[in-house]
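Working notes, beginning with the structure itself.
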Amino acid sequence: AQSVTQLGSHVSVSEGALVLLRCNYSSSVPPYLFWYVQYPNQGLQLLLKYTSAATLVKGINGFEAEFKKSETSFHLTKPSAHMSDAAEYFCAVSQGGSEKLVFGKGTKLTVNP
Amino acid sequence: DTAVSQTPKYLVTQMGNDKSIKCEQNLGHDTMYWYKQDSKKFLKIMFSYNNKELIINETVPNRFSPKSPDKAHLNLHINSLELGDSAVYFCASSRGNYEQFFGPGTRLTVL
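Which chain is which? The protein sequence lines are A and B, in order.
In this text, residue positions in the first sequence follow this note's numbering: the first is 1, and each later residue adds one.
In this text, residue positions in the second sequence follow this note's numbering: the first is 1001, and each later residue adds one.
Right, dumping it as structure tokens:
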């Protein structure tokens, strides 16, 4: 069975600083990996996805993530944080592209002025 | 032109009542889902329907019954509501196993 671990339930950065949100997965078959963002009192919005093509994936709002099979990781980065990036971020995995998404517990990103 | 919509947005009810949450998508997707997000923001899939057929049922109490009258709709009916059912319920849809698009959520509070 697949699972996702997000290291750090809270991450705080200064505006303009690098954002790094960590995600490690467990899957017995090649996974599809996703990052979603949830702004307060809203639904989830897809930031980016990995589906066995390029290992470096670029998403919306300047975010990108790199799939590293050897480390079973899919960390999310953004070079320069903006106040509007403050939100909850969820990493998710689906096994072999099945419809079932398994989510991590989320990381709350705070951006300080 | 909302992609995935849910009604109501907020639902406050007493223990023991029966309630329904409706979901509609206008994306032409063939798969729809219900997720539950608890007070700690943990998201867990409850059900998935593909072309009106149930394909995922994740150990959810049988007080929860999804109903899909057509591909564009997936409603969630909950009988005999309990305090522990308080959560935010999200509907989502996808075209097969591609990315899922989420609705705005329904915040259910059971008193």
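Glycine is no exception: its CB is placed at the ideal position from the N, C-alpha and C atoms.
Exposed unless 16 or more other CB atoms sit within 10 angstroms - verdict on residue i
| i | result |
| --- | --- |
| A/Tyr50 | buried |
| B/Glu1024 | buried |
| A/Val30 | For clarity, residue 30 of chain A is Pro in the given sequence; the question names Val instead. Flag for A/Pro30 reads exposed. |
| A/Tyr115 | Past the edges of chain A, shown from 1 to 113, lies residue 115 of chain A, and the structure says nothing about it. |
| B/Thr1031 | buried |
| B/Lys1036 | buried |
| B/Val1012 | exposed |
| A/Ala92 | buried |
| A/Ser26 | exposed |
| B/Glu1053 | exposed |
| A/Leu44 | buried |
| A/Ser9 | exposed |
| A/Glu99 | buried |
| A/Gly104 | buried |
| A/Ser28 | exposed |
| A/Gln2 | buried |
| A/Ser52 | exposed |
| A/Thr55 | exposed |
| A/Ser94 | buried |
Beta-carbon proximity of residue i to residue j, cut-off 8 Å
| i | j | result |
| --- | --- | --- |
| A/Leu33 | A/Tyr89 | no |
| B/Ile1056 | B/Phe1042 | no |
| A/Val13 | A/Val102 | no |
| B/Leu1108 | B/Ala1092 | no |
| A/Asn24 | A/Ser73 | yes |
| B/Ser1080 | B/Arg1095 | no |
| A/Val37 | A/Thr107 | no |
| B/Lys1009 | B/Pro1069 | no |
| B/Tyr1033 | B/Gln1100 | yes |
| B/Glu1082 | B/Val1110 | yes |
Contacts around residue i, its chain only, beta-carbon distance under 7 Å, and the 5 residues preceding and following it disregarded
| i | result |
| --- | --- |
| A/Glu15 | Ala81, His82, Met83, Val111, Asn112, Pro113 |
| B/Lys1067 | Asn1075, His1077 |
| A/Val19 | Val13, Thr77, Lys78, Ala81, Asp85, Leu109 |
| B/Lys1000 | Nothing about residue 1000 of chain B can be reported from this structure: the residues present for chain B run from 1001 to 1111 only. |
| B/Asp1085 | Ile1078, Leu1108, Val1110 |
| B/Asp1038 | Ala1087 |
Heavy atom of the ligand PLP within 7 Å of residue i beta-carbon
| i | result |
| --- | --- |
| B/Leu1076 | Inclusion of the ligand PLP in the displayed structure is not the case, the ligand content being empty and no account of it being possible. |
Close-in-space but distant-in-sequence residues of the same chain around residue i (CB under 6 Å, 5 per side omitted)
| i | result |
| --- | --- |
| A/Leu7 | Arg22 |
| B/Asp1018 | Asn1079 |
| B/Lys1022 | Thr1007, Asn1075 |
| B/Gln1014 | Leu1111 |
Own chain, CB closer than 8 Å to residue i, minus 5 neighbours either side, in chain order
| i | result |
| --- | --- |
| B/Glu1058 | Lys1044, Ile1045, Met1046, Phe1047 |
| A/Lys58 | Leu48, Glu64 |
| B/Leu1027 | Ala1003, Val1004, Ser1093, Arg1095, Phe1101 |
| B/Ser1020 | Asn1075, Leu1076, His1077, Ile1078 |
is_contact[residue i, chain E] using C-beta, thresh 8 Å
| i | result |
| --- | --- |
| B/Glu1053 | Going by chain labels, chain E is absent from the structure shown, which instead holds the protein chains A and B. |
Answer yes if the segment 58-65 of chain A comes into contact with the segment 105-113 of chain A, meaning at least three C-beta pairs across the two stretches below 8 Å, and no otherwise. no
Considering only residues of the segment 1072-1111 of chain B, which uninterrupted alpha helix (DSSP H) runs meet the minimum length of 4 residues and lie entirely inside it, listed in chain order? none
So within the segment 35-108 of chain A, which uninterrupted beta strand (DSSP E) runs reach at least 3 residues, ignoring any that extend past its ends? 44-50, 56-58, 64-68, 73-78, 87-95
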